[in-house]
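Residues in the first sequence are numbered consecutively from 16, following our numbering. Where a beta carbon is used, it is the ideal one built from N, C-alpha and C, also for glycine. See structure below.
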Amino acid sequence: MPASPARQKARRQAVPDSAYPRLLLAWYDRHRRALPWRALPGQAADPYRVWLSEIMLQQTTVKAVGPYFEKFLARWPSVAALGRASQDDVLRMWAGLGYYSRARNLFACAVAVSRDHGGAFPDTEVGLRALPGIGPYTAAAIAAIAFGRHCMPVDGNIERVVSRLFATEDALPQAKPKISQLALTLAGEARAGDSAQALMDLGATICTPKKPACALCPLNEDCAARARGDQETFPRKAPKVTGKLRRGAAFVVTRGDELLVRTRAEKGLLGGMTEVPGSDWIAGQDDTIARQQAPALPGVARWQRKPGLVNHVFTHFPLELVVYTAAVPARSRAPDGMRFVKIATLQHEALPNLMRKVIAHGLGDGKPIRR
DNA sequence: GAAGCGTGGTC
DNA sequence: TGACCAAGCTT
């Protein structure tokens with residue numbers, strides 16, 4: 016298709032073009048991805064499925080979300096059903112997916128929708144925004160996809176597509192408002208939800224971070240960054256800092272076929288999740304200090320240091336744990352705040368992946384803890 | 001506004 | 001292999 020005069024102008028001046036929504040939707044109708052939470056073409060989306068998927072998809076890949084979405088939907092088919100669950104059940108089901116505050120907020124949101132909204136999600140961006148775990152992106156996504164509101168969620172995909180299309184020089188996150196404003200010009204009047212999903216699909220499959228497939232892009236003739244040949248350098252971003260290595264010790268204590276565990280504090284890192292007792296995690300800490308934070312266990316003949324280390328990388332710091340093991344007599348009691356659980360039933364605990372690694376290392380049987 | 005918050009995949 | 005990225009939210 017030859018570029019219209021308006022689109023040639025867009026190429027030079029990075030100005031929104033009224034043809035973008037139409038081009039985008041035409042592409043979407045041919046190339047949309049089939050995803051478990053997506054309605055069939057032309058059908059109304061189920062707000063519960065849209066919400067559940069959007070929460071799971073925050074900073075998480077489609078591939079990782081798939082099985083979790085199916086599991087949740089099978090166990091809790093409606094927001095009312097989820098609202099009647101317990102937070103601990105939700106955390107157990109969420110274990111392994113990461114960012115556990117999402118699971119706590121998911122449950123809190125289900126309770127709020129059931130209790131304060133008669134079991135129906137608010138159908139406006141503002142109404143949705145007031146619910147736990149729903150921020151600017153998710154509110155706009157649900158409002159557009161589930162309720163057809165004329166708004167545009169801006170995720171990492173859409174930031175990339177839009178920043179390339181208009182070659183926006185400002186670095187993120189400062190550029191967020193400008194990109195958000197430009198993104199809204201890409202929303203169709205009638206099909207705002209499809210417009211949003213079209214941009215996300217485009218970002219996920221064509222306008223990728225590296226080696227974008229510009230030849231296949233419906234907006235390629237209009238893309239300011241492509242005209243300059245530096246697509247991959249967008250979006251501009253402020254440099255991010257990686258955290259310092261922290262070290263600590265973890266203590267794997269068995270009593271016959273049971274393991275000593277405790278529950279982490281409700282908030283913060285791995286909040287509300289199950290762990291084995293351990294030391295603080297501190298940059299520059301040495302083994303001896305960490306070792307001294309072992310739980311007081313009468314009857315422990317000696318701690319055994321497991322050869323090797325458990326390494327784990329969080330978003331904001333890498334972690335290196337030394338693992339100590341001990342076996343206590345059959346009738347030993349768990350220290351205050353801790354409990355013994357059957358090793359065979361660990362799969363039912365809310366165990367973050369870090370702890371699965373620690374326990375597998377400590378038990379030394381090479382068997383991963385099933386999920 | 002910046003920092004805290006998981007995990008897995010990619011190059 | 002370390003850095004980056006993935007449908008961000010909360011404080």
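Validate contact between the segment 178-189 and the segment 243-253 using beta carbons, cut 8 Å, 3 pairs: Short answer: they touch.
Output the boundary residues of the alpha helix (DSSP H) element that contains TYR63. Start and end: 62-71.
Just verifying my parser: in three-state terms, what is the DSSP assignment at LYS226? DSSP places LYS226 in coil when its eight states are reduced to three.
I need the boundaries of the alpha helix (DSSP H) containing ARG306, first residue and last residue. Start and end: 302-306.
What does the Cβ neighbour count give for PRO192, buried or exposed, with the cut at 16 atoms within 10 Å? Exposed: under 16 other Cβ atoms inside 10 Å.
Under a three-way DSSP split, which group does GLY171 fall into? Here DSSP, grouped into helix, strand and coil, assigns GLY171 to helix.
Tell me whether GLU236 sits in a helix, a strand or coil according to DSSP, three-state version. Residue state, collapsed to three classes: helix.
Looking at C-alpha atoms only, which residue of HIS165, LEU231 and TYR114 is the closest neighbour of ASP138? That would be HIS165, whose Cα lies nearest to the Cα of ASP138.
Counting pairs of beta carbons, one from the segment 306-321 and one from the segment 222-232, are three or more of them closer than 8 Å? No contact exists between the segment 306-321 and the segment 222-232.
Distance, Cα to Cα, ILE157 vs ALA211? When rounded, the distance between both Cα atoms is 10 Å.
Exposed or buried, which one is ARG119 when buried takes at least 16 other CB atoms within 10 Å? Per the 10 Å Cβ criterion, buried.
Does VAL30 come out as helix, strand or coil in the three-state DSSP assignment? Shown here, VAL30 sits in coil according to DSSP, grouped into three states, outside any helix or strand.
I need the straight-line Cα distance from LEU336 to GLY148, nearest angstrom please. Each residue's Cα considered, the two are about 31 Å apart.
Contained beta strand (DSSP E) runs [length at least 3] in the segment 336-363, N- to C-terminal order: As far as the segment 336-363 is concerned, its whole beta strand (DSSP E) runs of at least 3 residues are 353-357.
Ignore the nearest five residues each way along the sequence and tell me which others in VAL126's own chain have a CB closer than 6 Å to its CB. For VAL126, where only same-chain residues beyond five positions count, the Cβ hits under 6 Å are GLY98.
Limits of the unbroken beta strand (DSSP E) element including VAL325: In the DSSP annotation of this structure, the continuous segment of the beta strand (DSSP E) that includes VAL325 starts and ends at 325-328.
Am I right that ARG387 and VAL343 are in contact with their C-beta atoms under 8 Å? What's the rounded C-beta distance? Here the chain covers residues 16 to 386 and nothing more, so residue 387 does not appear.
Exposure label - VAL176; buried when at least 16 CB within 10 Å: Using a 10 angstroms sphere on the CB of VAL176, the tally of other CB atoms reaches 16 or more, which defines it as buried.
Taking the alpha carbon of ILE297 as the point to measure from, which residue in ARG277, ARG261 and GLY314 has its own alpha carbon closest? Of the listed residues, the one whose Cα sits closest to ILE297 is ARG261.
Contact between the segment 358-367 and the segment 103-115 (3+ Cβ pairs under 8 Å): With a cut-off of 8 Å, the segment 103-115 and the segment 358-367 count as touching, because enough Cβ pairs lie within range.
Count the other C-beta atoms from every protein chain shown that fall within 10 angstroms of the C-beta of PRO233, then say buried if there are 16 or more, exposed otherwise. By the neighbour-count rule (16 or more Cβ atoms within 10 Å), PRO233 is buried.
Roughly how far, in whole angstroms, is the beta-carbon of PHE266 from the beta-carbon of ALA311, given that I think they are within contact range, below 8 Å? Their Cβ separation, rounded to whole angstroms, is 11 Å, which puts PHE266 and ALA311 out of contact at 8 Å.
Can you give the Cα-Cα distance for GLY111 and ALA242, rounded to whole angstroms? Rounded to whole angstroms, GLY111 to ALA242 spans 42 Å at the Cα level.
With a 10 Å radius around its C-beta and 16 neighbouring C-beta atoms as the bar for buried, classify SER68 as buried or exposed. Answer is buried; the Cβ neighbour count reaches 16.
Rounded straight-line distance, which links the Cα of LEU199 to that of SER33: Between the C-alpha atoms of SER33 and LEU199 there is a straight-line separation of about 11 Å.
Kindly list the residues whose CB is nearer than 8 Å to the CB of PRO20, restricted to its own chain and excluding five residues on each side of it in sequence; keep chain order. Unreliable positioning characterises PRO20 in this predicted model, as indicated by a pLDDT of 43, which lies under 50. The coordinate reading is nonetheless provided below. Contacts found: none.
Within this structure, are the beta carbons of GLN102 and PHE122 separated by less than 8 Å? A contact, by the Cβ cut-off of 8 Å.
With PHE87 as the anchor, note down where its alpha helix (DSSP H) starts and where it stops. Its alpha helix (DSSP H) spans residues 77-90.
Can PRO36 and ALA155 be called in contact, C-beta distance under 8 Å? Not in contact: PRO36 and ALA155 (Cβ atoms no closer than 8 Å).
Please give the ranges of any alpha helix (DSSP H) in the segment 124-178, keeping only runs that are unbroken, at least 4 residues long and fully inside the region. Note on the segment 124-178: whole alpha helix (DSSP H) runs with a minimum of 4 residues are 140-144 and 151-162, in chain order.
Given this structure, state the Cα-to-Cα distance separating ARG47 from PRO151, to the nearest angstrom. Taking the straight line from one Cα to the other gives about 24 Å.
Alpha carbons only, please: which of ALA375, ALA79 and LEU214 is nearest the one belonging to SER178? It is LEU214 whose Cα lies nearest to the Cα of SER178.
With LEU275 as the anchor, note down where its beta strand (DSSP E) starts and where it stops. First-last of the beta strand (DSSP E) with LEU275: 273-278.
Quick one: using the 10 Å Cβ neighbour count with 16 as the cut-off for buried, is GLN208 buried or exposed? Here residue 208 turns out to be Gly, not Gln, going by the sequence shown. Buried, because 16 or more other Cβ atoms sit within 10 Å of the Cβ of GLY208.
Is VAL94 near TYR114, with beta carbons less than 8 Å apart? Not closer than 8 Å, so no.
ALA264 vs ALA239 beta-carbon contact at 8 Å: Taking 8 Å as the Cβ cut-off, ALA264 and ALA239 do not qualify as a contacting pair.
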